Structures are given as structure tokens and as C-alpha cells.
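All remarks here apply to the structure that follows.
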Amino acid sequence: MELLSAWQASGELVKLNGHQIFVRQGGLASGPALVLIHGYPSASWDWQPMWESLAQHFKLITLDMLGFGFSDKPVGIDYLIREQASLFTTLLNQLAVEQYHILAHDYGDTVAQELLARQAEPIADPNILSCCLLNGGLFPETHRPVLLQKLLLSPLGNLITLLTTKSALQRNFNKIFGKDTPPSKEVIDGLWELLTHNNGLRIMPKLIHYIVQRKQNRERWVGALVEAKIPVKLICGMVDPISGAHMLARFEELIANADVTALDNIGHYPQLEAPSSVVDAFLDFHQIEHQANIN
Numbered sequence: 001m002e003l004l005s006a007w008q009a010s011g012e013l014v015k016l017n018g019h020q021i022f023v024r025q026g027g028l029a030s031g032p033a034l035v036l037i038h039g040y041p042s043a044s045w046d047w048q049p050m051w052e053s054l055a056q057h058f059k060l061i062t063l064d065m066l067g068f069g070f071s072d073k074p075v076g077i078d079y080l081i082r083e084q085a086s087l088f089t090t091l092l093n094q095l096a097v098e099q100y101h102i103l104a105h106d107y108g109d110t111v112a113q114e115l116l117a118r119q120a121e122p123i124a125d126p127n128i129l130s131c132c133l134l135n136g137g138l139f140p141e142t143h144r145p146v147l148l149q150k151l152l153l154s155p156l157g158n159l160i161t162l163l164t165t166k167s168a169l170q171r172n173f174n175k176i177f178g179k180d181t182p183p184s185k186e187v188i189d190g191l192w193e194l195l196t197h198n199n200g201l202r203i204m205p206k207l208i209h210y211i212v213q214r215k216q217n218r219e220r221w222v223g224a225l226v227e228a229k230i231p232v233k234l235i236c237g238m239v240d241p242i243s244g245a246h247m248l249a250r251f252e253e254l255i256a257n258a259d260v261t262a263l264d265n266i267g268h269y270p271q272l273e274a275p276s277s278v279v280d281a282f283l284d285f286h287q288i289e290h291q292a293n294i295n
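Quick note, the sequence shown lines up with residues 1 to 295 if you use full-length UniProt numbering.
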């Protein structure tokens, strides 16, 4: 796994919508654009285990959303999903990308749903060609937040951040990973560094309000999936207690001709727990698996 320091050195800070945002690009300069959207509470580094494999087929674009990773973490804003989505469209417009594919996880799934919702509106966003989602709260009715998330949402949220330690982070991540694929020390060390960069712990109670936003915007964001006119796929770690098998069942219930890949014994972070399996499923979704094997 690439060291976090090397990941940071390979990216840059870019001024987007008034904020300094960490951006990382790679892959084929003339290939189809693939935008990778990370989850909560981590950052774009989540995609590192898959980066080189995907770079053989796509022009890769990712960033640390506002409040995450190496990007700005201002205190006096509300961290709205729609504003996170606009970071991506602003960047894509700056890069002159007119159409792109999405691969998203967790919090990033919700950002992807907002981007999908905009496709039906008369605004000049780049065109989405396909969307692949990993474990996340696609449907508020199936989301099962862990205790730490509930506490951060409560009036005790600011106190909880003061009590948060690297050991506490590891305990919570151990609960949401598969029992046979726990997070490595390197992963925990990197996530902790990303969390604490720019005094990030202090804004965790603000960021967690995406859970509330999902309920407020359910019709818009679930509707965007149900009514999508492009190929949509779900790759799901089945033992994820937050958004695992029960979420996949709801996806199959609501999405016509649902395209799903179930990863047995994998938890909430498939891209960290089983990156090769995720790459295989993703390339198959794009019908380039056999080409990858030949090369």
C-alpha cells in the first residue's frame, strides 16, 4: 500500500469554490474519465489500493472533499452534500472533462446521488456515463449508524471529538470491517493522520450531519437512483453492519434489473478489504475485464 506521504506528494492543493482542496489525478491522459468519491470519515487515500489497476484503463480524478483529508476544514460552514458535489463539477469543468464515470463509497455515494439528480436538471454539469457504488447509506431507511455516529449527531458531539483517540478509531473500524479483513496498522495510522490534519476532529459533528441530510433529501436522492438513465452498479461488502446485506436487499427491491456484486465476508470498506475483487467487479461492469487479462 502506498504511504500516505507519497499519496500526498503526488497530489496538489487546488482552489475550488473558495477553498483549498487536495486533488489527485493519474492514469491515461486520453482515457475515459473516472471520478472516485471517498467516504466518511476518511479521504481519497481510500482508493490507493485500486489506483494502479484502474489507471491502466481510465483517466483518474479524485479529491479530498471539504472537511476531509488534506483539504480545508473550516469551522463556520454547514458542510452540505450539494456543495461537496459542486466541488467535483467545478474541478471537472476546470479540467475540461465533458463526460465521466463515477466510483463512490459511503458518504461519497450520497454525493454521487446528488450528481445523478442534477442530470435531470437544465444545468451545465458534465455528463455522467455510469455510476458504481460501494457500501453506503443509499436509502435512509436501511442505514444503521454505529454508536459513535449516533453520539456525534447528539448534543454530546463536541465532547465526543475531545475523547476520540487513535485506539478508539481502531476499535470502531474493527467493528465495521470483516472479521477476516481487519484494518492494518498502516491504514489506521493513515486514517488518523487524515482525521487530525488541519485540526479536523473539531468539525466531525458538522460532517456527520450528512445522515440528517439524507433523510431530508430522500425523495431527490433515492429518486435519482430509481430513475437513473445510465448504467448503475452496486458492489457490496455483505457483513457490513451499517450498509451491508440489508442495504443490498433494498437496492434489489427498488432498482429495476439491479446489477449487484455481493462480496461475502467483506465489511464496510471493500476497496481496502478486498481491492482485487472490487477491481474485477468494476472492470466487468465496464466490460473490460477480459481485455485487462490479455494485457
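Built from N, CA and C at the ideal position, the CB exists for glycine as well.
The model shown is predicted, which means the values in this text are computed figures rather than measured ones.
- Here residue 22 is bridged, per DSSP, to 13.
- Taken atom to atom, the span from the alpha-carbon of residue 188 to that of residue 118 is near 35 Å.
- For residue 125, there is no enclosing alpha helix (DSSP H), since its DSSP letter is neither H nor E.
- With contacts defined by Cβ atoms closer than 9 Å, residue 237 and residue 281 do not form a contacting pair.
- Inclusion of residue 38 and residue 64 in the CB contact set at 9 Å is warranted, their separation being smaller than that value.
- By the CB criterion at 9 Å, residue 260 and residue 251 fall inside the cutoff.
- Counting only the Cα atoms, residue 208 lies some 18 Å from residue 70.
- Rounded to whole angstroms, residue 256 and residue 169 show a C-alpha spacing of 38 Å.
- Going by DSSP, residue 108 is part of the alpha helix (DSSP H) stretching over 107-118.
- Three or more Cβ pairs closer than 8 Å define a contact, and the region 194-205 meets that threshold against the region 73-91.
- In this structure the region 89-101 lies against the region 31-51, because at least three pairs of beta carbons, one per stretch, are closer than 8 Å.
- In this structure, residue 60 sits near residue 24, with a CB-CB distance shorter than 9 Å.
- Assigned with DSSP and collapsed to three states, residue 216 falls in helix.
- Between residue 128 and residue 116, the CB-CB gap stays under 9 Å.
- The residues 16 and 17, in chain order, have a CB closer than 6 Å to that of residue 90 in the same chain once the five nearest residues on each side in sequence are set aside.
- For the pair residue 11 and residue 176, the Cα-to-Cα distance works out to about 29 Å.
- Assignment of residue 142 by DSSP, reduced to helix, strand and coil, places it in the helix class.
- Under DSSP, the beta-bridge partners assigned to residue 100 are 128.
- Separation of residue 135 and residue 45 (C-alpha to C-alpha, rounded to the nearest whole angstrom) is 17 Å.
- When the five nearest sequence neighbours on each side are left out, the beta carbons in the same chain lying within less than 8 Å of the beta carbon of residue 245 are those of 236, 238, 239 and 262, in order along the chain.
- Residue range 259-263 is occupied by the beta strand (DSSP E) that includes residue 261.
- The beta carbon of residue 210 sits closer than 8 Å to those of 40, 79, 81, 107 and 110, all from its chain and outside the five residues before and after it, given in chain order.
- Annotation: the continuous alpha helix (DSSP H) that includes residue 190 extends over 185-196.
- As the crow flies, the alpha-carbon of residue 196 is around 17 Å from that of residue 3.
- In terms of CA proximity to residue 5, 191 leads the group 141, 191 and 27.
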